[in-house]
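Below: one structure, written as structure tokens.
Protein chains: 2
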Amino acid sequence: MKERKVPDVVARRLPRYYRYLDDLLKKQIYRISSSELSRKMGVTASQIRQDFNFFGGFGQQGYGYNVEMLHKEIGAILGLYSGRKTIIVGAGYLGHALANHTNFKKRGFMLVGVFDNDKAKVGRKISDLTISDYDGIADFISENQPDIAILAVPRTAVKSVAENLISLGIKAIWNFSYTELDEQENVVIENVHLSDSLMMLSYKLNALDD
Amino acid sequence: MKERKVPDVVARRLPRYYRYLDDLLKKQIYRISSSELSRKMGVTASQIRQDFNFFGGFGQQGYGYNVEMLHKEIGAILGLYSGRKTIIVGAGYLGHALANHTNFKKRGFMLVGVFDNDKAKVGRKISDLTISDYDGIADFISENQPDIAILAVPRTAVKSVAENLISLGIKAIWNFSYTELDEQENVVIENVHLSDSLMMLSYKLNALDD
Numbered sequence: 006m007k008e009r010k011v012p013d014v015v016a017r018r019l020p021r022y023y024r025y026l027d028d029l030l031k032k033q034i035y036r037i038s039s040s041e042l043s044r045k046m047g048v049t050a051s052q053i054r055q056d057f058n059f060f061g062g063f064g065q066q067g068y069g070y071n072v073e074m075l076h077k078e079i080g081a082i083l084g085l086y087s088g089r090k091t092i093i094v095g096a097g098y099l100g101h102a103l104a105n106h107t108n109f110k111k112r113g114f115m116l117v118g119v120f121d122n123d124k125a126k127v128g129r130k131i132s133d134l135t136i137s138d139y140d141g142i143a144d145f146i147s148e149n150q151p152d153i154a155i156l157a158v159p160r161t162a163v164k165s166v167a168e169n170l171i172s173l174g175i176k177a178i179w180n181f182s183y184t185e186l187d188e189q190e191n192v193v194i195e196n197v198h199l200s201d202s203l204m205m206l207s208y209k210l211n212a213l214d215d
Numbered sequence: 006m007k008e009r010k011v012p013d014v015v016a017r018r019l020p021r022y023y024r025y026l027d028d029l030l031k032k033q034i035y036r037i038s039s040s041e042l043s044r045k046m047g048v049t050a051s052q053i054r055q056d057f058n059f060f061g062g063f064g065q066q067g068y069g070y071n072v073e074m075l076h077k078e079i080g081a082i083l084g085l086y087s088g089r090k091t092i093i094v095g096a097g098y099l100g101h102a103l104a105n106h107t108n109f110k111k112r113g114f115m116l117v118g119v120f121d122n123d124k125a126k127v128g129r130k131i132s133d134l135t136i137s138d139y140d141g142i143a144d145f146i147s148e149n150q151p152d153i154a155i156l157a158v159p160r161t162a163v164k165s166v167a168e169n170l171i172s173l174g175i176k177a178i179w180n181f182s183y184t185e186l187d188e189q190e191n192v193v194i195e196n197v198h199l200s201d202s203l204m205m206l207s208y209k210l211n212a213l214d215d
């Protein structure tokens, strides 16, 4: 299936669709009408059809979408069946929390290594992995060819660590370090800004008080 | 300033504007043209004007926006100067990571308590607070009147903990528990889905390979 260029705002809805379809499957719901999907997702039915048309429409027939098929196709578009090898750099509280985040495995990401430059942490277990010395990361990457690095390092370290990882062949960076990394050629970056969501909560709370 | 009803998609851009203006101030940049703001934010200049018009337009004059003023006004709209009292429930790795998240304080949220039901954790320090027993949370809330609860509890516990906190008077829940909580009357909820962002990274990585 060859896709048209997908606008960022459409692409960003895909994980939500996927997550919602996942919930439906868990509830053993195998078929859903576009109006029901629309109601649950808070997106108009026409928006859903427009979104899905970017990917060939997913063949809605008669009384609705086939949930299993839709789930599988969106999962494939999101690259969830590629078994992407993933490493975590930074084994502090956040690194631990992310390593224990069971959804990553469920979403098809293979966590293959955790690194820290604190020698006191090296050798300890985190989830089912042993923390490795960041000094040895070049050899590890060269041998194991991971694609994705999760950065849970202090903000002062993020730029130099990211540059190092990119020079070693990492192609995707999930950055939790509160310092925005700029996109660059042949590397994809997602900067996570947790406090955006807290600010939204605060905004909604203010609106509630009005 | 009385606001028109602000669409969710506009409101969700406010934290990004705020964060970006924050960076400008750190770089001692005090004035920015709408085209420059547009370029940096990846939003059209006309979109920015439309967004700002919901809040009275922020009086762009001659050669651009006053960064300090814009920062302050958007911060006020986001409720960042209210010193909202905030508690964390769940003192595992994620709870620790969130307690140490310096941006919360910088954004005006006052962390006043951390709770866990694991007696082995009670009494330990986390950031500059001492972990309290979840059993005593009713008294704490009644005495201290926090508005916001950050939930970093296992997904199996999230619904019962949320119900309990709401019955005790908590008005806003920032939910990290991978189980979506539904909005309800007089309570605002932000469900954080970290893996959405990982799925987007995977999507962009796939597009890179094409």
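Chain order of the listed sequences is A and B. Sequential numbering from 6 applies to the first sequence in this note's numbering. Sequential numbering from 6 applies to the second sequence in this note's numbering. Note that CB positions come from ideal geometry on N, CA and C, so glycine has one too.
**Item:** residue 86 of chain B burial status per 10 Å Cβ neighbour count (16 or more: buried)
**Value:** Along the second sequence, one-based indexing puts residue 86 of chain B at 81. It is exposed - the Cβ of residue 86 of chain B has fewer than 16 other Cβ atoms within 10 Å.
**Item:** Contact set between residue 29 of chain B and chain A, taken where Cβ atoms lie within less than 8 Å
**Value:** In the second sequence, counting from the first residue as 1, residue 29 of chain B sits at position 24. Here the premise fails: no neighbours, minimum Cβ distance about 13 Å.
**Request:** Can you tell me which of the three DSSP states residue 216 of chain B falls into?
**Result:** For chain B, the structure presents residues 6 to 215; residue 216 of chain B sits outside this window and is missing.
**Prompt:** Does the beta carbon of residue 197 of chain B come closer than 8 Å to any beta carbon on chain A?
**Reply:** On the second sequence, position 192 is the one that residue 197 of chain B refers to. It does: the Cβ of residue 197 of chain B has a partner Cβ on chain A nearer than 8 Å.
**Asked** Which of the residues in the stretch 8 to 22 of chain A, read from start to end, lie with their CB under 7 Å from any CB of chain B?
**Response** 16, 17, 19, 20, 21
**Prompt:** What residue does the alpha helix (DSSP H) around residue 43 of chain B start on, and which one ends it?
**Reply:** In the second sequence, residue 43 of chain B corresponds to position 38, counting from 1. Counting along the chain, the alpha helix (DSSP H) containing residue 43 of chain B begins and ends at 39 to 46.
**Prompt:** So with Cβ pairs under 8 Å, would you call residue 187 of chain A a contact of chain C?
**Reply:** Looking at the structure shown, chain C is missing, and the protein chains on hand are A and B.
**Prompt:** Expressed to the nearest angstrom, what Euclidean distance is found between the alpha-carbon atoms of residue 7 of chain A and residue 53 of chain B?
**Reply:** For the purposes of this step, residue 7 of chain A is taken as residue 2 along the first sequence, with counting starting at 1. For the purposes of this step, residue 53 of chain B is taken as residue 48 along the second sequence, with counting starting at 1. With a pLDDT of 47 at residue 7 of chain A, under the threshold of 50, the modelled position of that residue is not reliable, and the figure given next carries that caveat. Cα to Cα, residue 7 of chain A sits roughly 33 Å from residue 53 of chain B.
**Prompt:** Of all Cβ atoms in chain B, is any one closer than 8 Å to the Cβ of residue 115 of chain A?
**Reply:** As a position in the first sequence, residue 115 of chain A is number 110, starting the count at 1. It does not: the Cβ of residue 115 of chain A has no partner Cβ on chain B nearer than 8 Å.
**Asked** Taking C-beta to C-beta, are residue 180 of chain B and residue 168 of chain B nearer than 8 Å?
**Response** In the second sequence, the residue the question calls residue 180 of chain B occupies position 175. In the second sequence, the residue the question calls residue 168 of chain B occupies position 163. Result no, Cβ atoms of residue 180 of chain B and residue 168 of chain B do not sit closer than 8 Å.
**Prompt:** In whole angstroms, what separates the C-alpha of residue 72 of chain A from that of residue 109 of chain A?
**Reply:** By one-based count along the first sequence, residue 72 of chain A stands at place 67. By one-based count along the first sequence, residue 109 of chain A stands at place 104. When only Cα atoms are considered, residue 72 of chain A and residue 109 of chain A end up about 21 Å apart.
**Prompt:** Quick one, are the C-beta atoms of residue 213 of chain A and residue 149 of chain B less than 8 Å apart?
**Reply:** The count along the first sequence starts at 1 and reaches residue 213 of chain A at position 208. The count along the second sequence starts at 1 and reaches residue 149 of chain B at position 144. No, Cβ-Cβ distance for residue 213 of chain A and residue 149 of chain B is not below 8 Å.
**Request:** Pick helix, strand or coil for residue 144 of chain A, following the three-state DSSP scheme.
**Result:** Counting from 1 along the first sequence, the entry for residue 144 of chain A is found at position 139. Helix, per DSSP.
**Prompt:** According to the Cβ coordinates, are residue 93 of chain B and residue 103 of chain B closer than 8 Å?
**Reply:** As a first step, residue 93 of chain B is located in the second sequence; it is residue number 88 there, counting from the start. As a first step, residue 103 of chain B is located in the second sequence; it is residue number 98 there, counting from the start. Yes; because the gap between Cβ atoms is below 8 Å, this pair is in contact.
**Asked** Which whole-angstrom value describes the C-beta separation of residue 153 of chain B and residue 206 of chain A, a residue pair presumed to lie in contact below a C-beta threshold of 8 Å?
**Response** Position 148 of the second sequence, counted from the start, is the residue given in the question as residue 153 of chain B. Position 201 of the first sequence, counted from the start, is the residue given in the question as residue 206 of chain A. Sure, about 7 Å apart at Cβ, within 8 Å.
**Request:** Tell me whether residue 182 of chain A is buried or exposed, calling it buried when 16 or more other Cβ atoms sit within 10 Å of its Cβ.
**Result:** For the purposes of this step, residue 182 of chain A is identified with residue 177 of the first sequence, where counting begins at 1. Classification for residue 182 of chain A: buried.
**Prompt:** With 16 other CB atoms within 10 Å as the buried threshold, where does residue 23 of chain B fall?
**Reply:** Walking along the second sequence from the start, residue 23 of chain B turns up at place 18. Under this definition residue 23 of chain B is a buried residue.
**Message:** the ligand FAD and residue 43 of chain A: does any heavy atom of the ligand fall closer than 7 Å to the residue's C-beta?
**Reply:** The model depicted lacks the ligand FAD and carries no ligand whatsoever.
**Request:** Measuring alpha carbon to alpha carbon, tell me which of A:140, A:117, A:45 ends up nearest residue 127 of chain A.
**Result:** Taking the first sequence and counting its residues from 1, the one referred to as residue 127 of chain A is at position 122. Checked all of A:140, A:117, A:45; the closest Cα to residue 127 of chain A is A:140.
**Request:** Would you identify the three-state DSSP class for residue 83 of chain A, choosing helix, strand or coil?
**Result:** Here residue 83 of chain A is taken as the residue at index 78 of the first sequence, counted from 1. Coil, per DSSP.
**Request:** State the Cα-Cα distance for the pair residue 145 of chain A and residue 25 of chain A, rounded to the nearest angstrom.
**Result:** By one-based count along the first sequence, residue 145 of chain A stands at place 140. By one-based count along the first sequence, residue 25 of chain A stands at place 20. Answer to the nearest angstrom: the Cα atoms are 36 Å apart.
**Request:** To the nearest angstrom, report how far apart residue 175 of chain B and residue 135 of chain B are at their CA atoms.
**Result:** Position 170 of the second sequence, counting from 1, holds the residue named residue 175 of chain B. Position 130 of the second sequence, counting from 1, holds the residue named residue 135 of chain B. Going by the C-alpha atoms only, they are around 20 Å apart.
**Asked** In the stretch 140 to 204 of chain A, which residue ranges form an unbroken beta strand (DSSP E) of at least 3 residues, counting only runs that do not cross its ends?
**Response** 153 to 156, 177 to 180, 193 to 196
**Asked** When DSSP builds the beta bridges, which residues end up paired with residue 115 of chain B?
**Response** Counting from one through the second sequence, the residue named residue 115 of chain B turns up at place 110. In the DSSP output, where bridge partners are listed per residue, residue 115 of chain B has B:90.
**Asked** How would you call residue 34 of chain B, buried or exposed, if buried means at least 16 neighbouring beta carbons within 10 angstroms?
**Response** As a first step, residue 34 of chain B must be located in the second sequence, where it is residue number 29. Looking at its Cβ environment, which holds fewer than 16 other Cβ atoms inside 10 Å, residue 34 of chain B is exposed.
**Item:** Rounded separation between residue 151 of chain A and residue 211 of chain B - CA only
**Value:** Within the first sequence, the letter at position 146 stands for residue 151 of chain A. Within the second sequence, the letter at position 206 stands for residue 211 of chain B. Taking the straight line from one Cα to the other gives about 14 Å.
**Prompt:** Residues in its own chain within less than 7 Å of residue 56 of chain B by CB, not counting five upstream and five downstream?
**Reply:** As a working mapping, residue 56 of chain B is identified with position 51 in the second sequence. The residues are 15, 18.
**Request:** Pull up the distance between the alpha-carbon of residue 88 of chain A and that of residue 111 of chain A, whole angstroms please.
**Result:** Indexing the first sequence from 1 puts residue 88 of chain A at position 83. Indexing the first sequence from 1 puts residue 111 of chain A at position 106. Just so you know, the alpha carbons of residue 88 of chain A and residue 111 of chain A end up roughly 10 Å apart.
**Request:** Evaluate residue 74 of chain A with the Cβ neighbour count: other Cβ atoms within 10 Å of its Cβ, from every protein chain shown; 16 or more gives buried, anything less gives exposed.
**Result:** Within the first sequence, residue 74 of chain A is the residue found at index 69, counting from 1. Exposed, by the Cβ-count rule.
**8 Å contact criterion, which residue 119 of chain B and residue 137 of chain B should meet: CB distance rounded** = The count along the second sequence starts at 1 and reaches residue 119 of chain B at position 114. The count along the second sequence starts at 1 and reaches residue 137 of chain B at position 132. The Cβ separation is near 7 Å, so the contact holds.
**Prompt:** Residues bridged to residue 238 of chain A by DSSP?
**Reply:** Nothing can be reported for residue 238 of chain A: it is not among the residues displayed for chain A, which extend from 6 to 215.
**Request:** Under 8 Å between beta-carbons, which chain B residues line up against residue 82 of chain A? List them in chain order, please.
**Result:** For the purposes of this step, residue 82 of chain A is taken as residue 77 along the first sequence, with counting starting at 1. In chain order: 208, 211.
**Request:** Return no unless some Cβ of chain A is closer than 8 Å to the Cβ of residue 182 of chain B.
**Result:** The sequence position of residue 182 of chain B within the second sequence is 177, counting from 1. Chain A contact via Cβ: absent.
**Beta-carbon contacts of residue 27 of chain A that lie in its chain and below 7 Å, excluding the five residues immediately before and after** = Locating residue 27 of chain A in the first sequence gives position 22, counting from the first residue. These residues qualify, in order along the chain: 76.
**Message:** For residue 40 of chain B, tell me which candidate among B:30, B:68, B:31, B:129 has the shortest Cα-Cα distance.
**Reply:** Taking the second sequence and counting its residues from 1, one reaches residue 40 of chain B at position 35. With distances taken between Cα atoms, residue 40 of chain B lies closest to B:68.
**Request:** Assuming residue 70 of chain A contacts residue 21 of chain A (C-beta within less than 8 Å), just tell me the rounded distance between them.
**Result:** Against the first sequence, residue 70 of chain A aligns to sequence position 65. Against the first sequence, residue 21 of chain A aligns to sequence position 16. Their Cβ separation, rounded to whole angstroms, is 15 Å, which puts residue 70 of chain A and residue 21 of chain A out of contact at 8 Å.
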